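2 protein chains.
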Amino acid sequence: MLNVLTPTEVIDVINKNFTTATFQYEKILTVDSVGRILHNDIVANEDVPSFNRSTVDGYAVKASDTFGSSESIPAVMTVTYEILMGKANITQTEAITDNSNSCVAISTGGAVPEGFDAVVMVEHTESYSDNMIGISKPAAPGNNIIFKGDDVSKENLALKAGAELTVHDVGILAALGFEHINVRKKPRIAIISTGDELVDITGTPSDGEIRDVNGYMLAASVNKFGGIEVSYGIVRDDEKSLINVLNDCIKNLDCDIVLISGGSSAGEKDKTAKVIESMGELLFHGIAIKPGKPTILGVVQNKPVFGLPGHPVAAYMVFELFVREVIARFLGTTIKRKTTIAKLAEAISANHGRAEIVPVKFVDNVATPIKGKSGLISKLIDIDGYILIPRDREGLSKDEIVEITYL
Amino acid sequence: MLNVLTPTEVIDVINKNFTTATFQYEKILTVDSVGRILHNDIVANEDVPSFNRSTVDGYAVKASDTFGSSESIPAVMTVTYEILMGKANITQTEAITDNSNSCVAISTGGAVPEGFDAVVMVEHTESYSDNMIGISKPAAPGNNIIFKGDDVSKENLALKAGAELTVHDVGILAALGFEHINVRKKPRIAIISTGDELVDITGTPSDGEIRDVNGYMLAASVNKFGGIEVSYGIVRDDEKSLINVLNDCIKNLDCDIVLISGGSSAGEKDKTAKVIESMGELLFHGIAIKPGKPTILGVVQNKPVFGLPGHPVAAYMVFELFVREVIARFLGTTIKRKTTIAKLAEAISANHGRAEIVPVKFVDNVATPIKGKSGLISKLIDIDGYILIPRDREGLSKDEIVEITYL
């Protein structure tokens, strides 16, 4: 009955059961899209820029006219024109008045007229009278020009479906004229807290009672990691009410993922598993990881239903490692975790036959394990990230180089 | 006139001029507070937990009763009571029926009655008939108990003003019963794009024109990094309209910070500097960094006003390195950038007498510089972070170990 999986096996189960092929999407303003998942490929409708653009203030030239120039023997040129910003290109005939040594004054961002193939920075020129300048440094063809389509070229793929949009992606979308874009709809994630010892945040715990910490932490995590929290509050611990609530979340509240947190005692955990089994399928019952062992995942009416540990630290870590993966599969994207390497400040023992997540503080490339009794939420205050010790390692040594995943 | 500062000097100027002492704040739901800045210290009104809590399923005992027990000679105990979850503690007299060898059954999270100082895991016990159990492993005092106040103790500082709130901070606030908290008000940040070559995102650029990329990128950055974007759109390049718009942003739109992006040509940059000087004070005119040199910072009516480079990549980097610092000073917090170390895939030349920001792709602990002409926004698509080369280094060697700051 007790089907305990390794962390890797859990990811396999998630990939197998919850990889979505068709996605719901919505149209939003591009400027609000950072952190959202792009629904469809963005193909450029036009070249960016749409003309050859100068990247400096100076003079557009034919590069060959400047060959051999130097400080002592500058190339003498006639300035035939001044390019105004934002104005249509002038014709080659207007710009080039005789066969050689014509140039045009141009500002950063200005359109380089046809017939010219480089821009010389104003710092490498000297101004003479009568629209004449001297150029003291030879230019190579292409110098200081962004050519038409250099940035994004027409009909090319600019951004890929499934990408998590960034600030610079917004820049590319703005350059291409996309005021709105389609992004994947956020999953609605039900959060149910169970446990007869729980009171709501607004309540005053009597002796033996505590406030519902997990419900709030999970709601905050869901908001942070791209879901919409549908907080159901505290549900008393009996199978019938749990069945009703689950049905309500999936059918009436249209939730895509369900998180049931706690209860913390053995009997309560079995209750969650039993309810999932009676309504659907239990995929596993336990993960070989510390903290986080009493984690359950099942499917009810095609929706993933997690039973999360009651210990807040364990629930937090299971969310980070596994619930986020289910959210990512729902959205059709992949998680890019930020990592670093660090020297371990002290030895860590680990000999559990299961992987271990060690919260650490990270300062000046040194990782210091955060100690304290398991289950204390205050021990997370100083956390910068965590080390994942594989199940086959019997702990880590002082000064060992370890990989940290940032939180 | 041209007052060019090093990056460190810029940070000094920002600290000196824009460090706030009094803050505006607003009351919000704790569950929505991740990423916001806590306005006041949070002192615990009560102990968390408010009672001695078992962290396992098992039996609460007097540890001394278990001393010397083993698999072969278990300590035989009488189970006098079963603690129900969430119920008030039973009295010592109820629990301890004779002078020794009494214990009570308890679940994870249950209240350990007075007179008991350890909990033995059910795995280390054997059940006999008649409410008798055998304990096969001695327990030390304190084993498997979180004591009253262990997590957060009454009247202690739980969270500090100025902290950027995290998911686990929400957990602590929930444990302490804070449904709402005070957070610093987000700064209103005006975004003005100048440049006669710009058209709006909805427009079609004629030859010589481009869409306003910076306005959109900056708005997205402001949203991401804790501000409220007040997008003013494109302002034509003359001093009078710039003065009117600046006044409007600060007075009528109540903006706390102003970002003027572009124009990209030398003349336009001078215009922004001149306008700031005529209305307030210019703090510097240029940063010795590449890209980002043509950056201006001034004060108008006590508000910071940036003149940002016209090149999107430069504007993006200046926002990351310097505008974010001004936002952080406004909010009374500090930025915690995530870094890692990496091996450099290829040599980078840098010999400019100014610091250089090199965008990189980071895979398998190797950093590969992203090349491409400066000013191309598409070159940021693959960016994972950047290397900052100090001004006194003449480039970096292949295989050199470098520090990367994640974006």
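Residue numbers (the working numbering), protein chains in the order written: chain X, 1 to 407; chain L, 408 to 814.
By construction, the Cβ of each residue, glycine as well, lies at the ideal position given by its N, Cα and C atoms.
Note that the structure is predicted; figures quoted are calculated from it, not measured.
Output, in chain order, the set of chain L residues within a Cβ distance shorter than 8 Å of K343(X).
-> Residues of chain L passing the Cβ test: none, with the nearest at roughly 11 Å.
Ends of the alpha helix (DSSP H) at A219(X)?
-> Per DSSP, A219(X) is one residue of the alpha helix (DSSP H) stretching across V213 to K224.
Cut-off 8 Å between Cβ atoms - residues of its own chain near K398(X), not counting five sequence neighbours on either side = Excluding positions up to five away in sequence, the list reads L344, A345, E346 and A347.
What is the DSSP secondary structure of C510(L), reduced to helix, strand or coil?
-> C510(L) sits in a strand when the DSSP states are folded into three classes.
Using the DSSP secondary-structure output, state which residues sit across from G615(L) in a beta bridge.
-> For G615(L), which the question treats as bridged, DSSP gives no partner whatsoever.
Specify, as a first and last residue, the run of the beta strand (DSSP E) that F713(L) falls within.
-> Per DSSP, F713(L) belongs to the beta strand (DSSP E) from K710 to L715.
CB of G517(L) within 8 Å of CB of I552(L), strictly | Remark: C-beta atoms of G517(L) and I552(L) do not approach each other more closely than 8 Å.
What runs of the beta strand (DSSP E), each 3 residues or longer, lie entirely inside the stretch 549-614 of chain L?
-> The qualifying runs are 564-566, 587-591 and 595-601.
Could you tell me which residues DSSP puts in a beta bridge with S231(X)?
-> Per DSSP, I191(X).
Measure the alpha-carbon distance for A44(X) versus S153(X) and round it to whole angstroms.
-> Each residue's alpha carbon lies about 7 Å from the other.
Alpha helix (DSSP H) segment containing K750(L), residue limits = Looking at the DSSP string, K750(L) is not in any alpha helix (DSSP H); the run it does join, the beta strand (DSSP E), is T746 to L751.
Continuous beta strand (DSSP E) stretch holding Y128(X): start and end = No beta strand (DSSP E) contains Y128(X), which DSSP labels as neither H nor E.
Which partner residues does L436(L) have in the DSSP bridge list?
-> H587(L), per the DSSP bridge assignment.
Put F425(L) into one of helix, strand or coil per three-state DSSP.
-> Three-state DSSP puts F425(L) in a helix.
Near N508(L), which residues of its chain fall below 8 Å by C-beta distance, leaving aside the five closest residues on each side in sequence?
-> Here N508(L) has D472, A482, V483, M484 and T485 as same chain residues with Cβ atoms under 8 Å from its own Cβ, once five neighbours each way along the sequence are excluded.
If the cut is a Cβ gap below 7 Å, which residues of chain L does P49(X) touch?
-> Around P49(X), the beta-carbon contacts reaching into chain L at under 7 Å are I617.
Using the C-alpha atoms, what's the distance from S50(X) back to T611(L)?
-> Going from the Cα of T611(L) to the Cα of S50(X) covers about 10 Å.
Give the C-beta separation of L666(L) and L715(L) to the nearest angstrom, bearing in mind that I take them to be a contact with Cβ-Cβ under 8 Å.
-> Going by Cβ atoms, the distance from L666(L) to L715(L) rounds to 6 Å, so yes, they are a contact pair.
Measure the Cβ-Cβ separation of T462(L) and T532(L) and say whether it is below 8 Å.
-> Contact check for T462(L) against T532(L) fails: the beta carbons are separated by 8 Å or more.
Using a Cβ cut-off of 8 Å (strictly closer), state whether K494(L) contacts chain X.
-> For K494(L), the answer is yes, since a Cβ of chain X falls inside 8 Å of its Cβ.
In chain L, which residues lie less than 8 Å from I201(X) when you measure between Cβ atoms?
-> Per Cβ cutoff of 8 Å: T437, A581, G584, F585 and E586.
Beta-carbon contacts of Y59(X) that lie in its chain and below 8 Å, excluding the five residues immediately before and after = Closer than 8 Å at Cβ, skipping near neighbours: M77, V79, C103, V104, A105, I106, V119, V120, V122, T125, I133 and I135.
What does a CB cutoff of less than 8 Å around V682(L) pick up in its chain, not counting 5 residues either side in sequence?
-> For V682(L), same chain residues with a beta-carbon under 8 Å away, outside a window of 5 residues either side, are E646, L649, I650 and L653 in chain order.
In the structure shown, what three-state DSSP assignment does F430(L) receive?
-> Here F430(L) sits in coil by DSSP.
On a CA-only basis, which of K700(L), N589(L) and I696(L) is nearest E815(L)? Give me that one, please.
-> The requested residue 815(L) does not occur in the structure, where chain L is confined to residues 408 to 814.
Distance, Cα to Cα, N223(X) vs A627(L)?
-> Within the model, the alpha-carbon separation for N223(X) versus A627(L) is close to 18 Å.
Would you list the one or two residues that DSSP bridges to E732(L)?
-> Within the DSSP bridge table, the entry for E732(L) names no partner.
Can you pull the DSSP bridge partners for I667(L)?
-> Answer by DSSP bridge pairing, in chain order: I599(L) and G714(L).
C-alpha gap between R618(L) and D248(X), whole angstroms | A straight-line Cα-Cα distance of about 48 Å links R618(L) and D248(X).
Give the residues of chain L in contact with P205(X), contact being defined as C-beta atoms less than 7 Å apart.
-> The answer, in chain order, is S457.
Which two residues bound the contiguous beta strand (DSSP E) that contains P719(L)?
-> Where P719(L) is concerned, there is no enclosing beta strand (DSSP E), although the alpha helix (DSSP H) it sits in stretches over P719 to V725.
Close beta carbons around F726(L), own chain, < 6 Å, minus the five adjacent residues each side = These residues qualify, in order along the chain: S628.
Can you give me the start and stop residues for the alpha helix (DSSP H) that K647(L) sits inside?
-> Run containing K647(L): E646 to N654, per the alpha helix (DSSP H) assignment.
Note down, in chain order, all residues in the stretch 216-229 of chain X with a beta-carbon under 7 Å from any beta-carbon belonging to chain L.
-> Listed by position, the residues of the stretch 216-229 of chain X near chain L (Cβ gap below 7 Å) are Y216, M217, A219, A220, S221, N223 and K224.
When we look at the beta-carbon of R329(X) and count the other beta-carbons within 10 Å, is it buried (16 or more) or exposed?
-> Label assigned to R329(X): buried.
Taking buried to mean at least 16 other C-beta atoms within 10 Å of its own C-beta, is N52(X) buried or exposed?
-> Under a 10 Å Cβ-count criterion, N52(X) is classified as buried, with 16 or more other Cβ atoms of the shown protein chains found around its own Cβ.
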